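Chains as they are written, first to last, in the numbering used here: chain A, 356 to 752; chain B, -8 to 376; chain C, 82 to 254; chain D, 524 to 626. Heads up, the beta-carbon is just placed ideally off N, CA and C, and yes, glycines get one too. These figures come from a predicted structure and were not determined experimentally. What follows is a short report on a single structure.
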C-alpha cells in the first residue's frame, strides 16, 4: 500500500455522505423506535408532528425534527461543582468514536468507487481490530460524563457502564475472532467476500453461536435493554447523563444510536454477509467492491440488514426487564466467556474438517459441533440459573 | 415463636484488612422515578450494596385525621378517597363500617352485594396496576404496565358509570350506597369480569415464568414469617411471608361468609418479592370467583338503609377494618355525642407495611431496593395521610 | 505535504498530552491527558504505516490501561489531587538537570548520522504477514508473553486483594 | 519527513516522561511517566522499522507488539502494587514511604 497524496475532495466525498446518511437514519430510527414501542405497548406513538403550519401528520415523521429543535433551544445546565471542561467533552467524545467506526463498515456506496484505497478504511488490513479499538473509547466518554457531573447517580451509572462495557467487550471480541479465524483476514471487505463465496457465517453452528453471543454483547456495549443498567431509569434516574440537558444530551442520544448502527453494521459484516444479497456479485479481484444490478444495491442490502437487527433491539427493549448488576457480570463471565472460548475451539476443528473438502465429513462436523455447542449452552445455563424456578402456592379455604 | 424483635442482618464493612472503601450516601427521592410518589430513602451504599436505608416520609402530609375531627362524620367520606387513591371504594367501606358500628344501621341486601362487587373490582384494579408498576421497577419500560392499565381502564369505566368518578368515587354511605347502579351496569360488569381471566392468562404466560423476572425477584427482599407478624404486616405481603390470614375470612365482615373463595399463601418461610408478586396474581383469580358469585346472586331492592338524618352517635368507640388490597385498613372512631368525631384515626396498611423496608433492603443491591419498595405496594397518600 | 502537516499536528498533540499528564495536579485530568498522548502516538504509528500497531495502541492503552488507571485512582485517591499539597518531589531540581542531560545524550546519535536514511517508498505492512511471523519464528516469545500476562493477572489480583483469609474462616458456613 | 524528526520527537517524549518520574511525588503519576517513556521507545522502534533497509522483516512492529503486551502486564501489576501500598501506608506519596531509610 503506498501513500499517495489525497485531495480534500476525496476525503469529503468519502466521509460527508456517510455522516449525512447515518444522521438521517438516526432521526428515522428514533421515530421508528417510538412508534414500534408504542405499538408493543398498546399506544399510538408520535403521530401529530408533520409538515409545519398544515394539518398533514405524515405519521408523526416530523417528530425527530421537532425533538431536535427542542433539544437545541433547551437550556444547557451544568451543575455547580461539575468539571465544566469534561462535562462538555464527554458527549463529544461519545459521538466521535461512534461516527468514526462507521467508516470501517464495508458499505459500497456508488460514489466511493473511484477514491483511492486509504479513504476506504474498510480496506485497511486491520479494519476489524480498528473497529474494536475505537468502540472501546465510548467507555471513557461514559466514565467522563459520570465523573464530571458531580452527581452520585451519574457516578454510579458511570462506574456501572465501565464495568459492563469492559466485561462484555471480551465475548464480543472473542466471537468476532471466530470469523477472523475462518476467513484468515481482519479485512472487512475480505470477510464479506468470503461469505459471498461460501456461506453467511450465521448459517453454520459456530457462526450462529458466535452471532448470538456477539448480538447479546452488542446490546450490552450499546447499553440497550435488558442491559441498560448504566442508564437504568427506575434505579439511578438516567445514570451518567442525569445532569445533561439540551444539546449535550442530544449528542449523547445521537452517539448512542450511531453506536447501535455501528455495532449492528459490524454484526452484518461479520455474520450476515455484509452487502451480499440477490442481485449483488462480489468481485474477487476488486477487494469487496461488488457488481450490482443497479448502483448502490449492496449498500441497500447492508442497511436493510442493519435495520433488521435494530428492529430486534427495539423489540427486546419493549419486552424484557432489566438484569441486576451481579447477574449482568455473572452472565458475561460465567456464561458468555466459556461459551465463546469453546466456540473458538469448535470452529477450529470445523475449519480443519472443511479443509478436507469432503461433504460427509463436513456434515458430520457440523452436526457434532451443533450438539457440542447446544449441550454446552444448556449446561452452562443450568449451572448458572441456580435454584430459580416457578413456585407452587397453597390455598386456604 | 421466637423473639419478636426486628433484627436486621448486620452488614460489616471490611475496613481493617480490605480496601478502605468510603460509603456513598444517596438520597433517593423525593423526586425519583420509582419511589411511587414523594417518598425518600436515605441509602448508604458500599459500591452497589445497600448498607443502610432510612425511609423518610411526610412530604404528602395533608392533616387528614385532624381535618376529620373538625367536620361531620359524613363530610370526611370524600377525604377517605384520597387516602389510597387507587382504592377509594375499599377506603369508603372501611370508614362506613366504622361509622355503622357507632350507630346500628341495617345495610340492605343489594347494597351489601354491591359493596362486595365494588371492593373486589377495586382489588383487581389495585393488584393489576401494582403488578404493572412492579415489573416497571424491574426495568421493563412500561409494557406490562400499559397492558395492565388497559384492563384497569375497563374497571375505571364501570366505577365512573356507577359513581360518577373514576378514582375518587365517594360512593359509600353509612347504611348503604349513595345511589343504585345504572341500568345495564351489572351486565357490563359481568362482561368485564368474564373477560378478565383471559387477560390474566396472557399476563401470567408473559411474566410469571420469565427468566429475568424469576432471577430478579426470587431470593430478593426476604421477609421472614416472624418478622412479618411482629411488625404487623398485613394483606398480600403477610400471606406471601407464609401466614394464612385474611380479614375477609377472619372477620367475615359484610357478606363475605356467603361466598366460596380461597386464600392463596405460601408455605415456605421465604417471603421474597416473587412470592409477593405471585400472591397478588393468584388473588386476582379468587376475586374474580367472588365477583362471579356476587353478580349471579345479587338481589334487587333498596340501596340504603334507614339512617338518622343527622348522624350524631352516642359516646362510644368503634374500630372497623377491611381487607384492603394492600392490607388491613382500619378506622378507629371515638364519638363524644356531637356530630363530629372526637378522635379519628386511620390504620393505613401502606405505612405499616413500609416499616420493614429497611430490614428487607439491607445487604441487597440498590436495584433490589427499588424492586422491594415496588413489591411492598405503597401509596403515599395513605402513608403520609 | 499531507504527511508533514499530520506529523506536526500529531507530535504537538503527543507532547502536549504527555506534558499535561505529568504536570497536572488533578489525577483524573492527568489520565485523560495521558490518553490524549496515547492517541497522538497512535496517529504517528499510522503515519509510519504501522496500522496494526496503531490499532493495538488504541485498544490496549486507551481501552484497557486508561480504564485501569481510572479505577486505581478512584480506589486510592479519595480527593483526586485537588488540594494544596506539594506535588513535586524533594529532588525535583536535580531531576530536571538529569532529564536535560539525558535529552542531550539521546540527541547525539541522531545528530551524528547526517544525512538521515531514506524511507522505503512502498512497504506492505500486511497484518497477515505479522500473524505468520508471530506464529512461526516468534511463537515461543508469544507463548512466554501469554504466560507473563497470565502471571501478571494472577499477581495483580493477589496483590490488590490483600490478605483476607481470617475473615473467611470466621464466617460460619 | 525524515527519521530524525521521529527520533527527536521520541527523545523529547522520553524526557518528558523522565521529568515526570523524577519530579512528581505521586506514585501513580510516576507510573504515567514510565508509560510515556515506554511509548517513546515504541515510537523509535516503529520509526527505525519504517526507515530500515528491509521493512518486510517486520522486526519493529513485532518488538512493539511485545513491548505493548509487557507494558500492559506492567501497568496491571504496578497498579495492584500501588493499591497494596496504599492499603499499607494509606498514601501513594512516594516520599512518605521511607521505612527502609536509616533513622
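Amino acids of chain D, ordered along the chain, whose beta-carbon sits closer than 7 Å to that of residue i
i, result
"residue 193 (chain C)", "Result: empty, since nearest Cβ-Cβ is about 11 Å, beyond 7 Å."
"residue 214 (chain C)", "581, 585"
"residue 88 (chain C)", "524, 528"
"residue 111 (chain C)", "552, 555"
Distance, residue j Cα to residue i Cα
i, j, result
"residue 136 (chain B)", "residue 128 (chain B)", "10 Å"
"residue 678 (chain A)", "residue 404 (chain A)", "35 Å"
"residue 328 (chain B)", "residue 22 (chain B)", "44 Å"
"residue -4 (chain B)", "residue 280 (chain B)", "Confidence at residue -4 (chain B) is low in this model, with a pLDDT of 36, below 50, so the placement of that residue is unreliable and no value is reported for it."
"residue 539 (chain D)", "residue 117 (chain C)", "15 Å"
"residue 548 (chain D)", "residue 104 (chain C)", "11 Å"
"residue 584 (chain D)", "residue 128 (chain C)", "14 Å"
"residue 572 (chain A)", "residue 457 (chain A)", "19 Å"
"residue 160 (chain C)", "residue 110 (chain C)", "For residue 160 (chain C), the pLDDT reaches just 47, beneath the cut-off of 50, and the residue's location in the model is therefore unreliable, leaving the point undetermined."
"residue 424 (chain A)", "residue 489 (chain A)", "30 Å"
"residue 606 (chain D)", "residue 551 (chain D)", "10 Å"
"residue 367 (chain B)", "residue 485 (chain A)", "49 Å"
"residue 101 (chain B)", "residue 175 (chain B)", "15 Å"
"residue 499 (chain A)", "residue 493 (chain A)", "10 Å"
"residue -1 (chain B)", "residue 587 (chain A)", "Low per-residue confidence applies at residue -1 (chain B): pLDDT is 40, beneath 50, and the placement is therefore not dependable, though the value from the model is reported in the following sentence. Looking at the two C-alpha atoms, the distance is approximately 28 Å."
"residue 253 (chain C)", "residue 142 (chain B)", "Because the pLDDT at residue 253 (chain C) is just 41, under 50, the model does not fix this residue reliably, and the value given afterwards should be weighed accordingly. If you take the alpha carbons of residue 253 (chain C) and residue 142 (chain B), they lie about 50 Å apart."
"residue 106 (chain B)", "residue 53 (chain B)", "27 Å"
"residue 356 (chain A)", "residue 632 (chain A)", "Only weak support is given to the placement of residue 356 (chain A): the predicted model assigns it a pLDDT of 41, under 50, and the value that follows is read from those uncertain coordinates. So the two alpha carbons sit approximately 30 Å from each other."
"residue 310 (chain B)", "residue 196 (chain B)", "41 Å"
"residue 40 (chain B)", "residue 83 (chain B)", "41 Å"
Reference residue i; option with closest CA among the options
i, options, result
"residue 588 (chain D)", "C:139, C:90, C:175, C:149", "C:139"
"residue 365 (chain B)", "B:53, B:30, B:243", "B:30"
"residue 412 (chain A)", "A:419, A:421, A:402, A:635", "A:402"
"residue 422 (chain A)", "A:629, A:389, A:689", "A:389"
"residue 378 (chain A)", "A:614, A:439, A:443, A:716", "A:614"
"residue 230 (chain C)", "D:610, D:594, D:580", "D:594"
"residue 66 (chain C)", "D:579, D:609, D:600, D:559", "Given that chain C is displayed from residue 82 to residue 254, the structure contains no residue 66 (chain C) and the question cannot be resolved."
"residue 528 (chain D)", "D:543, D:563, D:576, D:609", "D:563"
"residue 169 (chain B)", "B:87, B:265, B:75", "B:87"
"residue 558 (chain A)", "A:368, A:718, A:375", "A:718"
"residue 604 (chain A)", "A:724, A:504, A:689, A:621", "A:504"
"residue 681 (chain A)", "B:206, B:258, B:124", "B:206"
"residue 272 (chain B)", "B:192, B:362, B:158, B:286", "B:192"
"residue 387 (chain A)", "A:506, A:419, A:628", "A:419"
"residue 66 (chain B)", "B:254, B:221, B:163, B:371", "B:163"
Interface residues of chain B facing residue i [CB-CB closer than 8 Å]
i, result
"residue 587 (chain A)", "130, 358"
Chain-ordered chain A contacts of residue i [CB-CB under 7 Å]
i, result
"residue 224 (chain C)", "Chain A residues near residue 224 (chain C): none, gap ~17 Å exceeds 7 Å."
"residue 39 (chain B)", "680"
Residues sharing a beta bridge with residue i, DSSP
i, result
"residue 33 (chain B)", "B:18, B:45"
"residue 356 (chain B)", "B:40"
"residue 616 (chain D)", "D:549"
"residue 174 (chain C)", "Beta-bridge pairing links residue 174 (chain C) to no other residue."
"residue 325 (chain B)", "B:308, B:334"
"residue 255 (chain B)", "A:750"
Proximal residues of chain A, C-beta to C-beta of residue i below 9 Å
i, result
"residue 269 (chain B)", "745, 746, 748"
Nearest-angstrom beta carbon gap, residue j and residue i [assumed within contact, 8 Å]
i, j, result
"residue 396 (chain A)", "residue 673 (chain A)", "7 Å"
"residue 685 (chain A)", "residue 739 (chain A)", "7 Å"
"residue 555 (chain D)", "residue 102 (chain C)", "5 Å"
"residue 160 (chain B)", "residue 211 (chain B)", "That pair is no contact at about 35 Å."
"residue 316 (chain B)", "residue 114 (chain B)", "5 Å"
Partner residues on chain B for residue i, Cβ-Cβ distance less than 7 Å
i, result
"residue 398 (chain A)", "137"
Chain-ordered neighbours of residue i on chain C, where CB pairs are closer than 7 Å
i, result
"residue 629 (chain D)", "In the structure as shown, chain D begins at 524 and stops at 626. Residue 629 (chain D) is therefore absent and cannot be evaluated."
Residue i: contacting residues in chain D (beta-carbon distance under 8 Å)
i, result
"residue 237 (chain C)", "599, 600, 602, 603"
"residue 229 (chain C)", "592, 593, 596"
Chain-ordered chain C contacts of residue i [CB-CB under 9 Å]
i, result
"residue 521 (chain A)", "144, 145, 148"
Partner residues on chain C for residue i, Cβ-Cβ distance less than 8 Å
i, result
"residue 566 (chain D)", "122, 125, 126"
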